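Chemist:
Number of protein chains: 2
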Amino acid sequence: MRITVLAGGVGAARFLRGVQAAAPGAQITVIGNTGDDITLFGLRVCPDLDTVMYTLGGGISEEQGWGRADESFSIRDELAAYGAGPSWFTLGDRDFATHILRTQLLAAGKPLSEVTRRLCERWQPGVELLPMSDDKVETHVLLDDAERSLVHFQEWWVRLHAAVPALAITAAGAQGARPAPGVLEAIADADFVLFPPSNPVVSIGTILSVPGIRDAAGAKTVVGVSPIIGGAPVRGMADACLAAIGVRTSAVGVAAHYGPDLLNGWLVDEQDKAATDDPALAGLQVRALPLYMRDLAATAAIAQAAIDLARELT
Amino acid sequence: MRITVLAGGVGAARFLRGVQAAAPGAQITVIGNTGDDITLFGLRVCPDLDTVMYTLGGGISEEQGWGRADESFSIRDELAAYGAGPSWFTLGDRDFATHILRTQLLAAGKPLSEVTRRLCERWQPGVELLPMSDDKVETHVLLDDAERSLVHFQEWWVRLHAAVPALAITAAGAQGARPAPGVLEAIADADFVLFPPSNPVVSIGTILSVPGIRDAAGAKTVVGVSPIIGGAPVRGMADACLAAIGVRTSAVGVAAHYGPDLLNGWLVDEQDKAATDDPALAGLQVRALPLYMRDLAATAAIAQAAIDLARELT
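Taken in order, these protein sequences are the chains called A and B.
Following numbering that gives the first Met the number 0, the numbering of the first sequence begins with 0 at its first residue and continues without gaps.
Following numbering that gives the first Met the number 0, the numbering of the second sequence begins with 0 at its first residue and continues without gaps.
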């Protein structure tokens with residue numbers, strides 16, 4: 000069984016653990032969002048790729064869901080002592096090593112996909128992890144403040160906690176970006192494609208904005224897991240992103256936003272059972288089941304349901 | 000009083016503490032060797048500048064004489080786990096922060112002299128610390144091995160512990176390098192110039208190889224402190240460097256190598272008292288006194304003797 004998964008950060012990484020548990024023999028390719036990537040202190044940081052890599056490779060901080068376990072923060076403290084900013088994005092010492100090596104390899108001319116493969120040689124995540132593109136795509140947010148400031152996604156998300164409303168969210172560079180080597184093939188060769196409960200705007204949406212990826216996925220069976228339960232995001236501030244693009248924060252709203260030309264199956268939580276016969280989702284197979292990824296067993300059950308639905312629809 | 004000091008690493012940094020103690024009101028400019036600088040993991044490391052900065056700024060590891068106090072080594076361990084080399088040059092986490100910030104500022108186009116000033120804003124070393132040049136000069140060593148390998152100085156010094164004989168030592172890039180802004184002025188405006196007991200080949204020698212510096216120093220009163228006591232270097236492997244350039248490892252040999260056109264006064268240890276009337280040093284004022292920098296008081300006495308001699312000769 001070949002499964003290709005479009006992935007954001009924490010939610011996707013946890014879901015992928017469920018997929019691995021539910022389909023231990025499957026060949027899984029993960030296409031990771033790089034729109035959140037940011038250069039800090041001259042080092043290239045890829046939060047979503049690293050969250051997937053660390054989570055599946057056993058290096059993640061389980062409490063946080065991101066960053067490394069057993070972290071120390073000497074470098075953060077030293078940079079602060081130098082008065083070097085920004086201080087709102089915290090990186091641990093162990094994590095810094097990943098960014099140092101990545102930056103060194105990128106500076107040597109290696110594309111991000113090759114660098115990611117090199118980093119995964121250590122972590123052995125059990126999936127093939129591909130960045131959506133080797134080209135630079137950065138999610139920028141137009142803030143509804145007095146200056147209508149245009150800021151990097153991380154500044155809105157991490158520094159401002161998405162508390163300032165966004166007027167628009169754009170994937171800068173996406174139009175001219177090409178899918179990384181292997182991305183379109185992984186989609187075309189997959190038995191089906193899964194969307195984890197990732198942010199539909201700044202994670203899955205950004206991946207789909209790379210020319211060719213949406214069309215490739217649309218030609219396959221796609222089953223998604225709603226990141227919205229009972230009208231609220233399970234984690235993160237997806238509601239602030241959905242508001243910026245005029246989509247209602249609901250399981251139905253997100254599925255309708257993806258659209259029936261892309262999505263074939265949709266898993267919603269039991270409390271959103273009404274979505275299963277919502278006329279707005281005509282043409283979609285919608286199933287309701289417990290969607291909170293409380294532990295690996297619960298997550299594997301969700302993944303199993305997604306796989307079952309995808310196989311039925313293929 | 001204005002004093003300009005040409006400086007290598009550990010020996011120079013300790014000597015400078017003595018100068019500060021002996022001449023608390025003096026305006027001291029330190030011209031640091033950058034020939035030992037090396038790019039590791041994509042980060043620019045300046046061992047000699049940092050040793051001076053950390054020592055005078057209170058951040059040095061007193062036990063080692065180099066690197067930061069209270070160090071941890073997460074990044075080193077992580078890079079090793081990635082299989083990323085080299086492993087023979089150990090950098091601590093706190094130290095890494097300095098190299099990260101330096102590299103970021105250099106990449107932004109700032110010259111090393113400006114970057115060094117920026118780093119010193121934190122450390123407040125009490126001296127003006129200038130790199131000898133903003134241009135890249137790297138000390139390379141031609142090894143007397145089967146391949147007659149040409150390696151970076153640090154590879155010979157740190158990896159090979161200078162155990163493989165050197166056929167030649169060259170300051171690559173020196174010929175085309177210009178003294179950093181302020182270097183020639185600091186020499187010209189100084190009451191006198193001091194050479195600490197630094198390596199005469201790969202520290203002081205490298206600084207002097209930058210066009211203009213030797214001539215500027217030669218026009219001033221220069222007093223040096225012998226790095227050789229009783230025919231052996233006090234610290235480090237200066238004998239291996241001296242052998243490579245055909246100079247005898249002795250207090251007399253080093254002073255004669257600098258030459259009377261450059262050097263005016265020379266301090267030797269009591270056990271090298273014979274140097275005071277060695278005909279090879281005719282034209283030099285040579286004084287014998289205890290030269291081991293055992294503690295700050297002993298070091299200040301050496302610095303005081305150097306200052307006294309320089310003032311007599313000026």
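Ideal Cβ placement from N, Cα and C applies to all residues, glycine included.
These figures come from a predicted structure and were not determined experimentally.
1. Quick one: using the 10 Å Cβ neighbour count with 16 as the cut-off for buried, is B/Arg67 buried or exposed?
2. With A/Ala161 and A/Glu137 assumed to form a contact (beta carbons below 8 Å), what rounded beta-carbon distance in angstroms separates them?
3. The alpha helix (DSSP H) with B/Thr205 in it runs from where to where?
4. Excluding the 5 residues preceding and the 5 following B/Thr248 in the sequence, name in chain order all residues of the same chain whose CB lies nearer than 8 Å to its CB.
5. Across the region 39-56 of chain A and the region 3-17 of chain B, are there enough close Cβ pairs to call them in contact, namely three or more that are closer than 8 Å?
6. How big is the Cα-Cα spacing for B/Thr115 and B/Gln26?
7. Need the endpoints of the alpha helix (DSSP H) that A/Pro130 sits in, please.
8. Suppose you measure from the CA of A/Arg121 to the CA of A/Gln303; what does that come to, to the nearest Å?
9. Compare the C-beta of B/Gly125 with all C-beta atoms of chain A and state if any pair is closer than 8 Å.
10. Thinking C-beta only, is A/Val126 closer than 8 Å to A/Asp143?
11. In three-state terms, what does DSSP make of B/Phe194?
12. Under 8 Å Cβ to Cβ from A/Asp268, same chain only, skipping five residues before and after it: list those, please.
13. If you measure beta-carbon to beta-carbon, which residues of the region 82-93 of chain A are closer than 9 Å to chain B?
14. In its own chain, which residues sit with a C-beta less than 7 Å from the C-beta of A/Leu104, not counting the 5 before and 5 after it?
15. Just the chain B side, please: which residues come within less than 8 Å of A/Arg315 by C-beta, in chain order?
16. Using only the alpha-carbon positions, how far apart do A/Asp190 and A/Ala83 sit?
17. Closer than 8 Å is the cut-off here; do at least three beta carbon pairs connect the region 1-8 of chain B with the region 181-200 of chain B?
18. Could you tell me which residues DSSP pairs with B/Ala171 in its beta bridges?
19. Suppose the cutoff is 8 Å on Cβ atoms and the five residues either side in sequence are ignored; what does the same chain contact list for B/Phe72 look like?
20. Between B/Glu113 and chain A, is the shortest Cβ-Cβ distance under 8 Å, so that the two count as touching?
21. Cα-Cα, which of A/Glu77, A/Arg101, A/Tyr81 and A/Arg75 is closest to B/Tyr81?
22. Just the C-alpha distance for A/Gly108 and B/Leu55, rounded to the nearest angstrom, thanks.
23. What three-state label does DSSP hand B/Trp87 in the structure shown?
24. Measuring CA to CA, which of A/Ala215, A/Thr3, A/Met0 and A/Ala20 is closest to A/Ala297?
25. According to the neighbour-count rule (16 or more other Cβ atoms, all chains shown, within 10 Å of its Cβ), is A/Met131 buried or exposed?
26. Looking at chain B, which residues of the region 65-78 of chain A have a Cβ within less than 7 Å of any of its Cβ atoms?
27. How would you call A/Pro278, buried or exposed, if buried means at least 16 neighbouring beta carbons within 10 angstroms?
28. Looking at the unbroken alpha helix (DSSP H) that takes in A/Gln19, where does it start and where does it end?
29. Short check: CB of A/Asp49 to CB of A/Thr97, under 8 Å?
30. How many Å lie between A/Glu311 and A/Ala22 at the Cα?
31. From this set, A/Ile212, A/Trp265, A/Leu129 and A/His139, which residue's C-alpha is nearest A/Ala167's C-alpha?
32. Quick check on this structure: which residue in A/Asp36, A/Gly235, A/Asp94 and A/Thr205 has the alpha carbon closest to the alpha carbon of A/Ser60?
33. Per DSSP, B/Trp265 is paired with what?
34. Using a Cβ cut-off of 8 Å, which residues of the region 28-46 of chain A contact any Cβ in chain C, in chain order?
35. Using only the alpha-carbon positions, how far apart do B/Leu207 and B/Arg213 sit?
36. Kindly indicate if chain A contains any beta-carbon less than 8 Å away from that of B/Gln153.
Modeler: Quick look at the numbers:
1. Counting other Cβ atoms within 10 Å of its Cβ, B/Arg67 reaches 16 or more and is therefore classed as buried.
2. About 17 Å separates the two Cβ atoms, so there is no contact after all.
3. Ile203 to Leu207 is the span of the alpha helix (DSSP H), which, as asked, contains B/Thr205.
4. Around B/Thr248: Ile227, Gly230, Ala231, Pro232, Ala237, Asp238, Leu241 and Ala242.
5. At 8 Å Cβ cutoff, the stretches do not touch.
6. If I take the Cα positions, the gap works out to 18 Å.
7. No alpha helix (DSSP H) holds A/Pro130; the beta strand (DSSP E) holding it covers Glu127 to Pro130.
8. Distance between A/Arg121 and A/Gln303, taken at the CA atoms: about 28 Å.
9. No, no contact with chain A.
10. No, Cβ-Cβ distance for A/Asp143 and A/Val126 is not below 8 Å.
11. B/Phe194: strand per DSSP, three-state reduction.
12. The residues Ser225, Ile228, Gly229, Ala250, Ala287, Leu288, Pro289, Leu290 and Tyr291, in chain order, have a CB closer than 8 Å to that of A/Asp268 in the same chain once the five nearest residues on each side in sequence are set aside.
13. From the region 82-93 of chain A, only Gly82, Ala83, Gly91, Asp92 and Arg93 have a Cβ closer than 9 Å to chain B.
14. Beyond the five residues adjoining it in sequence on each side, A/Leu104 comes within less than 7 Å, by CB distance, of Val114 and Arg117 in the same chain, given in chain order.
15. Because chain A in this structure spans residues 0 to 313, residue 315 of chain A falls outside the shown range and cannot be described.
16. Computed Cα separation, rounded: 48 Å.
17. Contact between the region 1-8 of chain B and the region 181-200 of chain B is present, because at least three Cβ pairs lie under 8 Å.
18. Answer by DSSP bridge pairing, in chain order: B/Glu137.
19. Excluding residues within five positions, the ones whose Cβ falls inside 8 Å are Thr89, Gly91 and Asp92.
20. Taking a beta-carbon distance threshold of 8 Å, B/Glu113 does not count as an interface residue toward chain A.
21. Ranking A/Glu77, A/Arg101, A/Tyr81 and A/Arg75 by Cα distance to B/Tyr81 puts A/Arg101 first.
22. Computed Cα separation, rounded: 39 Å.
23. Correct three-state label for B/Trp87: coil.
24. Ranked by Cα distance from A/Ala297, the first of A/Ala215, A/Thr3, A/Met0 and A/Ala20 is A/Ala20.
25. By the neighbour-count rule (16 or more Cβ atoms within 10 Å), A/Met131 is buried.
26. Answer set for the region 65-78 of chain A: Ser71, Ser73, Ile74, Glu77 and Leu78.
27. A/Pro278 is exposed by the Cβ-count criterion.
28. Taken as a continuous stretch (DSSP letters only), the alpha helix (DSSP H) holding A/Gln19 covers Val9 to Ala21.
29. Contact: yes.
30. A/Glu311 and A/Ala22: Cα-Cα distance of roughly 16 Å.
31. Looking at the Cα atoms, A/His139 is the closest of the given residues.
32. Of the listed residues, the one whose Cα sits closest to A/Ser60 is A/Asp94.
33. When DSSP reads this structure, B/Trp265 sits in a beta bridge with B/Gly223 and B/Val285.
34. The structure shown contains no chain C; its protein chains are A and B.
35. C-alpha separation (whole angstroms): 5 Å.
36. For B/Gln153, no CB of chain A lies under 8 Å from its own CB, so it is not counted at the interface with that chain.
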